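First comes the structure, then the notes that go with it.
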Amino acid sequence: MNIYLDNAATTKIDEKVLSLLNKSLREDWGNPSSLYKKGKEAKEKIENARKVIAKTLNAKPKEIIFTSGATESNTLAIRGILGVSRKKEILISAMEHASIKNLCHELQKEKYIVHKIPVNKKGEINIKVLKEKLTKNIALVSMIHANNETGGIQDIQKIADLCAQKNIPFHTDAV
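In this note's numbering, the protein residues as written are 26 to 200.
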């Protein structure tokens, strides 16, 4: 008997979803960036999905960006924020996902300073240390919401509020 315990990272696809996906791959194969009929139909389906997701999240459709996955999304968000900031310091938790840790390693090569906020035995960041580190030099704070390996959960609202008080952009990996 096999027991699978990594559903936080990857979950077997539901049969109904698989059926819909197969149907779409067979019928909606057009390039959504093209001008021919099949492409326009594919584009319309993507835009309809964007509208549904935006409505669900109380967002505008133009605020919804589709990516290949969490690593690409994290990279796009963080590099986008850093690209418009002159500041060179970043705060992350000591328990970040590999996609954030690896990106921060690359950013250090680009002369960014990455500060890791310590966590307790439950995997929660030390809020006192975070408050102390929220200085005018910080370009971005990025904290994982729920750690996929330890189950530690951050108080994202509290962290977001602290960042907002200092006008510091906040990113969370909440996959």
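A virtual CB, placed ideally from N, CA and C, is assigned to each residue, including glycine. Small disclaimer: the values here were computed from a predicted structure and weren't measured.
Excluding five sequence positions before and after Met120, the CB atoms of its chain that fall closer than 7 Å to its own CB belong to Val144, Gly148, Ile169, Asn172, Thr175, Gly177, given in chain order.
The alpha-carbon of Lys63 is positioned some 12 Å away from that of Ser49. If you draw a 10 Å sphere on the C-beta of Ser167, you find 16 or more other C-beta atoms in it, and that means buried. Residue environment for Ile28: exposed (fewer than 16 other C-beta atoms within 10 angstroms of its C-beta).
For His130, the enclosing alpha helix (DSSP H) has its first and last residue at 123 to 134. The three-state secondary structure of Glu52, taken from DSSP, is helix. For secondary structure counted as the alpha helix (DSSP H) over 4 or more consecutive residues, the region 114 to 199 holds these complete runs in sequence order: 123 to 134, 152 to 158, 181 to 190.
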